Each structure stands twice: as C-alpha cells, then as structure tokens.
Amino acid sequence: MKTEEPLVSGPGLEMDTMFVNLGPQHPSTHGVLRLGLTLAGEVITKAFPDIGYLHRGTEKLMETRSYHQCVVLTDRWDYCSAMPNNLAFCLAAEKLMAVQAPPRAQALRVITCELNRIASHLIFLGTYGIDIGAFTPFLYAFREREMILDLYEALCGARLTYNYIRLGGVASDVDADWTAKCREFLEFFKPRLDEYDTLLSFNPIFLARTKGIGVIPKETAAAWGLSGPNLRGSGAAYDVRKSEPYCGYETYDFDVPLGETGSCWDRYFCRVQEMRQSVRIVEAALAALPGGDLMAKGIAKLPKPPAGEAYAHVEASRGDLGIFLVSDGGTAPYRLHVRAPCFINLAILQDILVGKKVADVIAVLGSFDIVLGEVDR
Amino acid sequence: MGYFKEVSSASWAFCEGLWITLRYLFKPSVTVQYPTEKLVPYERFRGLLLFDAATCIACGLCAKACPSACIALEAQTHPETKKRVPKAEWYSLDLGKCNFCGLCQEACPTKPKSVWHSLDYELAFSTRDDMVRCWKPGFPLAGRVWDPVQKAFRDPESHISVREVQARI
Ligand code: SF4
Ligand code: SF4
C-alpha cells in the first residue's frame, strides 16, 4: 500500500494539472472547509486549506461583553466539546481575578471535561468510520454519545452549548442520582470500546486505508505546532494535563497514550485509547468527589478584573487550547486571543497532502478531527 | 499466497463485525421514533423561553444579562403621575438571536421567575417574524408575534404547542 510519486519527468511528458475544489459543502470536510487541490493525474501536487466560512468574530465580540457573558460565547468554538472551552476561559479569567474554584467545583470540572472528551472522540470515531466507508460504528458511537449528552442535559440543561463551567466554579451540582447514572454509563461503555476495536480499529480494510497513510514524523509534527492526539499519534508525549496540571489533574492516575509512526491509524487509535483513560479519570474523580461549595466567594455580578494579562491553557479534546486574556480593569476583556488547536492542526495539511492520492485526502483530513467552529471562531 | 491471506482475514473481520451487529439485532432498539414518540427533557433543560407579565417587575436585569441582546422591554408609566410603574408595558424576545444560555433566567429577581426556560424543544420557524415574541399584559406565556402586514398581534404560526408542565423555579 504505497503512495506513488507522480511520473512526470522527461521532455514532452509534462502532465496537465487539474484544480479540484474539495468542499466547502463536502460531507467529509466536517463543516465548511474548502481544500483547493492541484492534481497531476491522481496525485496531489499542491493543496491549500481555505478557511473562514464560519467566522463569527467571537474574539472581537468578547471585547464588548461582560466576563459572564463571554463564557456563553466560548461554547460556540468547539461545539463538539464545549466544556474545555468554558474551562480555558474561566481559568484565564480566574487567574486575572486571583480566585480559585473550590475543590468540589474542580472535581466536577474534571468529570465534565473528561466526559466531553469521550463524547468528542466518539464523534470522531463514528465520522471517521464513515469517511473511510464503515457506517455501522457511527451508529454505535452515537448511541453512547447520546448517553453522555443525557447526563449533561440532566446536569446543566443543555446538550451541546453547556455554559456550565462559570467564573469561580460551576453552575449546578450533581446529586446521587446523577453519579449513579454516570457510573452506570461508564460500566456500559467499557466493553463497548472492545467492540469498536473489532468493528473498526483492527478491521483489515480500515487498516489498509489508514495505516502508513499520512505519516507525520515527530519532528515535523512539533515543528507545525500540532497538539493533542494528532501530536501524540506521532509519538511525542505532550499533554497539558501532565505537563501543567490544572484543576487537580495531578492527583489522578492516568496514562498518555502514544502512537508509533504518526500515521492516520496512530492518530485514530490514540483517541480510542484516550477514551479508556478518560473513563479511568472520571471513575477516580467520582469516587473521590469532595464536598463543599460550587462557587468561589467574591465573584461579582459584573466582574472587573484588575488590569493585566493572563494565559491559561487546557488539554481540550482536540489539543492544547489556550486563552490569552488582557484586561484594562473594565467590565469586558480588552483583548482575548484563542490558541485554537484545530486551526493550528489544520495548517500541516498543505504539507503532508502533497504526493498523496486523492482517495487518501479524506483519510488524512478525517484523522485530524477538525471542528470548523474552532478553526474560524 | 498473500492475496488469499488478505481475503481470508478480511472476510473473518467481516464475520466478526457482523456477529456484533447480529447480537444487537435481537436486543431492544434504542431509537426513539420521533415524532410519534417524544422524550420529555430533564428538569433543568433550557428550552423555549416563556414570560409572565403578571410577575415581572420590569427591572431590566434580564436584558442586561443577555449576551446577545435579544431582550427588550419597557416599563409602564402611571397615566396621571407619569412615573414608572414596576410592571412591563411590553416585553420582547428575539428567539433567532437567543443562545438558550439561561443567564436571563438566573438574573431575574422575582419568585417565581418571570422569564424562564420551558421544557419545550420543538422550535421551528418558517419566517423571521415568528422568531420575535412579544408580550403584553394578558398575553399567553409563549407570547405573540407582531404581524407587519395585518398590523396586529397574532399567535405564532410555525411554533408547536408549549408543553403543559413547565419547570418554573
Ligand atoms: S437564554 Fe441567554 S441568549 Fe436567550 S434571552 Fe436569555 S440571556 Fe439572552
Ligand atoms: S423578567 Fe425578571 S429580570 Fe426581566 S425585567 Fe422582568 S422581573 Fe426583571
């Protein structure tokens, strides 16, 4: 299963190139991404991702919104996993205001973020299967994801845009019912992961389509600034939860799964294994859920953090999500910048797609698990 | 040889996969047959916003809390003294802009809340006019819609019935 180089050499043998638009309305671009591909026969000679179709200007918009209102807007970046977005913004703002969430809120933040990681990776698993041509795993993955969304609905009232993690804590508490349901889900979910492995991960057809395709060496991945499972698929052990723990991640025992070669399959399998680790974290966090308050004291209705800057980053489902927040002492952020993992992960496409065949484009693109809401913001 | 090995391993994986799906074939289906079957959301669900002009004190806190500026209201004035009365003259909400974030409900100081999320999730609009709900004293909880052609308020057309049970805290 080698991808051949184009046979264009020698006088009179120059091949005509063809320009193909992939997207913006292509189901496999997972949103509105346009890929401009220049083809020589079946082989790509030039690729450029064209973004901006979903630009909503939230960074600018936040400069006119109060800090509590900003949390609502953060939900809209990576809508497949909105909890880490909430968290990253709140951590940055809390740094500015010099407050810390109480222990119970921190544990709940960890639980909800890890559940969100599972839900988000399940979307990836399902849709990547579809991209490659396996429809069944999608249905199973969405069944499990539905259970997580139900948990969220019972906890915070929304299924996608949670607005759950607030400045200084979290919005609502869990009760015994909810924790029982969550444990029940985890028990149900663990054997399902083995099913996915049978259905998809080790299916020879899937392996043939993804193993050895779109290989990114460790150094290239680091040079392009990849993060999250895309970087770890290449074998680089970088995880914000380990390197700069927040919300008490240092107290949980979990592994950071690594890929070997950095091919599409490694990136895929990294995510599958991450789900197992997330289950472990949620179980540990549920078992050691401390009591106490949900909200830190002293968060005003209209917070005015002292002038200054703060940077906070979290390991979101798709990578290292960072928020740089500048305050001038007013009620709204003076400037906010998002280090969006999807946006940075996307850039490498123009490099690694060259020399691949058209049929591999979808496999490579899908393996990056981009969400255009976060790319364009 | 390699060819046959590939074929046999692929067919074996095929059978393994089918075995999993076959086992599910005899388990009860998890699909909900919408619209004949409908799920009732959880207590905290943030659905369609409702408003009650009878309890509202026209403080405007909800409008201030809203991140997308979709709430507008005006307080009544006393006919003789021309002073502001804590009652809403009109209250309007643009569901086309609403985030369903719940900040307005949290900001509302009255008990029970004057603006609150119902459990209703079946929101579909066929016109933009229908998205803007308006309330005046005596209007139903789901509000009414201003019809620019008839120059009169009418009941929203494209929206489906509001559920009987409302979570109103
Ligand atoms: S739910 Fe949020 S967006 Fe909608 S009206 Fe209330 S505050 Fe505004
Ligand atoms: S709905 Fe509540 S917050 Fe809004 S004006 Fe009326 S009383 Fe005030």
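Residue numbers (our numbering), protein chains in the order written: chain D, 228 to 604; chain L, 486 to 654. Just so it is clear, CB atoms sit at the ideal spot from N, CA and C, and this is done for glycine as well. None of the values given here were measured: they were computed from a predicted structure.
Environment of residue i [buried if 16+ CB atoms lie within 10 Å]
i         : result
Thr516(L) : exposed
Leu510(L) : exposed
Lys583(D) : buried
Thr256(D) : buried
Ser594(D) : buried
Cys661(L) : One cannot answer for residue 661(L) here, as it falls past the ends of chain L, which runs 486 to 654.
Gly587(L) : buried
Ser611(L) : exposed
Pro571(L) : exposed
Trp497(L) : exposed
Pro418(D) : exposed
Pro254(D) : exposed
Gln252(D) : exposed
Val525(L) : exposed
Gln518(L) : exposed
Thr301(D) : buried
Val492(L) : exposed
Short CB-CB distance (under 7 Å) between residue i and chain L
i         : result
Leu426(D) : yes
Asn390(D) : yes
Gly384(D) : yes
Pro418(D) : no
Asn208(D) : In the structure displayed, chain D extends from 228 to 604; residue 208(D) sits before or after that span and is not available.
Val397(D) : no
Arg410(D) : no
Ile432(D) : yes
Pro319(D) : Reading off the sequence, residue 319(D) comes out as Ala, not Pro. No, Ala319(D) lies away from the interface with chain L (no Cβ there is under 7 Å from its Cβ).
Val299(D) : yes
Ala407(D) : no
Glu501(D) : no
Ala218(D) : What is shown of chain D runs 228 to 604, which leaves residue 218(D) out entirely.
Ala590(D) : no
Ala381(D) : yes
Glu422(D) : yes
Gln296(D) : yes
Arg370(D) : yes
Arg292(D) : yes
Gly600(D) : no
Chain D within 7 Å of residue i, Cβ atoms only
i         : result
Gly502(L) : yes
Cys586(L) : yes
Tyr527(L) : yes
Val515(L) : yes
Ala554(L) : no
Ser494(L) : yes
Ile672(L) : This structure cannot speak to residue 672(L), because chain L is shown only from 486 to 654.
Phe530(L) : yes
Glu649(L) : Bear in mind that a pLDDT of 49 at Glu649(L), under 50, signals an unreliable position, so the number given afterwards is only what the model happens to contain. No, because no Cβ of chain D sits closer than 7 Å to the Cβ of Glu649(L).
Ala627(L) : no
Ala548(L) : no
Ala557(L) : no
Ala539(L) : no
Ala609(L) : no
Ala560(L) : no
Ala573(L) : no
At what residue ranges does the region 308-332 of chain D contain a whole run of the alpha helix (DSSP H), taking only runs of 4 or more? Correct list: 310-324.
Specify whether the region 418-430 of chain D and the region 354-374 of chain D touch according to this definition: at least 3 beta carbon pairs, one from each stretch, less than 8 Å apart. yes
Contiguous beta strand (DSSP E) assignments of at least 3 residues, all confined to the region 506-562 of chain D: Entirely contained in the region 506-562 of chain D, the beta strand (DSSP E) runs reaching 3 residues are, in chain order, 535-543 and 546-554.
Which parts of the region 257-281 of chain D are runs of the beta strand (DSSP E), unbroken and 3 residues or longer, counting only runs that do not cross its ends? 261-267 and 270-277
For the region 532-550 of chain D against the region 373-384 of chain D, are there 3 or more C-beta pairs whose distance is under 8 Å? Output reads no: the region 373-384 of chain D does not touch the region 532-550 of chain D.
Counting Cβ pairs closer than 8 Å, one from the region 527-536 of chain L and one from the region 598-615 of chain L, do we hit at least three? With a cut-off of 8 Å, the region 598-615 of chain L and the region 527-536 of chain L count as touching, because enough Cβ pairs lie within range.
Okay, do the region 298-315 of chain D and the region 431-451 of chain D touch, 3+ Cβ pairs below 8 Å being the bar? no
Three Cβ pairs or more, each shorter than 8 Å: is that satisfied between the region 518-537 of chain D and the region 287-304 of chain D? Remark: three or more beta-carbon pairs, one from each stretch, lie closer than 8 Å, so the region 518-537 of chain D and the region 287-304 of chain D are flagged as touching.
Contained beta strand (DSSP E) runs [length at least 3] in the region 353-436 of chain D, N- to C-terminal order: none
Can you confirm whether the region 470-477 of chain D touches the region 333-349 of chain D when touching is taken to mean that 3 or more C-beta pairs between the two stretches lie within less than 8 Å? yes
If we require 4 or more residues per run, which alpha helix (DSSP H) segments fall completely within the region 587-644 of chain L? The region 587-644 of chain L contains these whole alpha helix (DSSP H) runs: 588-592.
Could you tell me which whole beta strand (DSSP E) segments of length 3 or greater appear in the region 434-459 of chain D? none
Tell me whether the region 323-334 of chain D and the region 459-470 of chain D touch, counting them as touching only if at least three CB pairs, one residue from each stretch, are closer than 8 Å. No, the region 323-334 of chain D is not in contact with the region 459-470 of chain D.
Could you tell me whether the region 343-354 of chain D touches the region 543-551 of chain L, using the rule of 3 or more Cβ pairs below 8 Å? no
Counting beta carbon pairs with one atom in the region 556-565 of chain L and one in the region 273-290 of chain D, are three or more of them shorter than 8 Å? no
Could you tell me whether the region 486-500 of chain D touches the region 450-465 of chain D, using the rule of 3 or more Cβ pairs below 8 Å? Touching, yes, given that three or more Cβ pairs across the two stretches are closer than 8 Å.
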